[in-house]
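Under my numbering, the letters of the sequence shown match residues 3 to 203, in that order. In this text, a Cβ means the ideal position worked out from N, Cα and C, and glycines have one as well.
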Amino acid sequence: MRDRQESQENELGQAAIMRVPPRNRWQVLLIEYELLDAYWAQIHQRIWMSGLVLVGLTMIGISWMAAIMGTGLLDTQRMIALIGSISSLLAIGWWFLLRRLFTSQRVAEYRKNEIERELGMRSGLYMTVLRQSRQFGASKSGHLAKTLAEGDELLEQDLREFSMSPEARPWLPRFMAERFVWSMVPWLLIASWTGLYILKS
3 MRDRQESQEN ELGQAAIMRV PPRNRWQVLL IEYELLDAYW AQIHQRIWMS GLVLVGLTMI
63 GISWMAAIMG TGLLDTQRMI ALIGSISSLL AIGWWFLLRR LFTSQRVAEY RKNEIERELG
123 MRSGLYMTVL RQSRQFGASK SGHLAKTLAE GDELLEQDLR EFSMSPEARP WLPRFMAERF
183 VWSMVPWLLI ASWTGLYILK S
């Protein structure tokens, strides 16, 4: 019985050793992880900066036209229709660009999670759990943890415990998702121009 237990312990130890990458591979993975993290942060910054510029300029334009231009004039309607159409086209173009940026961000996040699983890291995986729990149609915490763990029972348990912790329970979960909010911005701006045109008409 004791020999069998020692044999099982040896097998577990050998399996753990085999899962640890060689030293050179560790260094390569850490460098790749740092590059991916910087790339992810750069995309995140681009989304915020471009979104704030778009929203700021649109709000200034709407406020200026609402305050300066008269009501019911044909020139007013034409001016609002022209500027509103151009602004709406730019907002739609930004929305398509935003979808592309989000796709690149997901690819970087997916690869970061692969590296974290291989190196025994956790922070990025926890962020993925938190982010995906805020999406519409998000999976249950247990299924999400099992999917991200990919057979690693210890990692699955850690992810499950994190998903059940108070830190992972966001307020208004699905409506506070960053990607959902940014995806709604262009359509809200188009609705604002439409509302201004109706009011000035």
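**Leu31 and Ile117 closer than 7 Å at C-beta** = The residue you call residue 31 lines up with position 29 of the sequence shown. The residue you call residue 117 lines up with position 115 of the sequence shown. Yes, the Cβ-Cβ distance between Leu31 and Ile117 is below 7 Å.
**Request:** Tell whether a beta-carbon distance below 7 Å holds between Val183 and Leu161.
**Result:** Within the sequence shown, numbered from 1, the residue matching residue 183 stands at position 181. Within the sequence shown, numbered from 1, the residue matching residue 161 stands at position 159. Their beta carbons are not under 7 Å apart, which means Val183 does not touch Leu161 by this criterion.
**Asked** Who are the Cβ neighbours of Ala151 in its own chain at under 7 Å, not counting the five residues just before and after it?
**Response** Within the sequence shown, residue 151 is the residue found at index 149, counting from 1. Result list for Ala151: Leu157, Glu158, Leu161, in chain order.
**Prompt:** If you count every other CB in all the chains shown that lies within 10 Å of the CB of Thr149, and 16 or more means buried, which is it?
**Reply:** For the purposes of this step, residue 149 is identified with residue 147 of the sequence shown, where counting begins at 1. Label assigned to Thr149: exposed.
**Request:** Indicate whether Ala69 and Leu191 have their beta-carbon atoms separated by less than 7 Å.
**Result:** Position 67 of the sequence shown, counted from the first residue, corresponds to residue 69. Position 189 of the sequence shown, counted from the first residue, corresponds to residue 191. Cβ atoms of Ala69 and Leu191: not closer than 7 Å.
**Asked** Skipping 5 residues on each side, what residues in its chain have a beta carbon closer than 6 Å to that of Ser141?
**Response** Taking the sequence shown and counting its residues from 1, one reaches residue 141 at position 139. Model confidence at Ser141 stands at a pLDDT of 48, short of 50, so the residue's coordinates are unreliable and nothing is read from them.
**Request:** Would you check if the distance between the CB atom of Ile45 and the CB atom of Leu103 is smaller than 7 Å?
**Result:** In the sequence shown, residue 45 corresponds to position 43, counting from 1. In the sequence shown, residue 103 corresponds to position 101, counting from 1. Yes.
**Message:** Here's a check: name, in chain order, each residue in its chain whose Cβ is nearer than 8 Å to the Cβ of Gly74, leaving out the five neighbours to either side.
**Reply:** As a first step, residue 74 is located in the sequence shown; it is residue number 72 there, counting from the start. Result list for Gly74: Lys202, Ser203, in chain order.
**Sequence-distant residues of the same chain with beta carbon closer than 8 Å to Glu36, five excluded per side** = Reading the sequence shown from its first residue, position 34 is the one you call residue 36. Same-chain partners within the cutoff: there are none.
**Item:** Pairwise C-alpha distance: Met186 and Ile64
**Value:** In the sequence shown, the residue the question calls residue 64 occupies position 62. In the sequence shown, the residue the question calls residue 186 occupies position 184. Looking at the two C-alpha atoms, the distance is approximately 18 Å.
**Prompt:** By a C-beta neighbour count over all protein chains shown, 10 Å radius and 16 as the cutoff for buried, is Leu193 buried or exposed?
**Reply:** Taking the first residue of the sequence shown as position 1, residue 193 is located at position 191. Looking at the sequence itself, residue 193 is Ala, so the reference to Leu does not match. So Ala193 counts as exposed.
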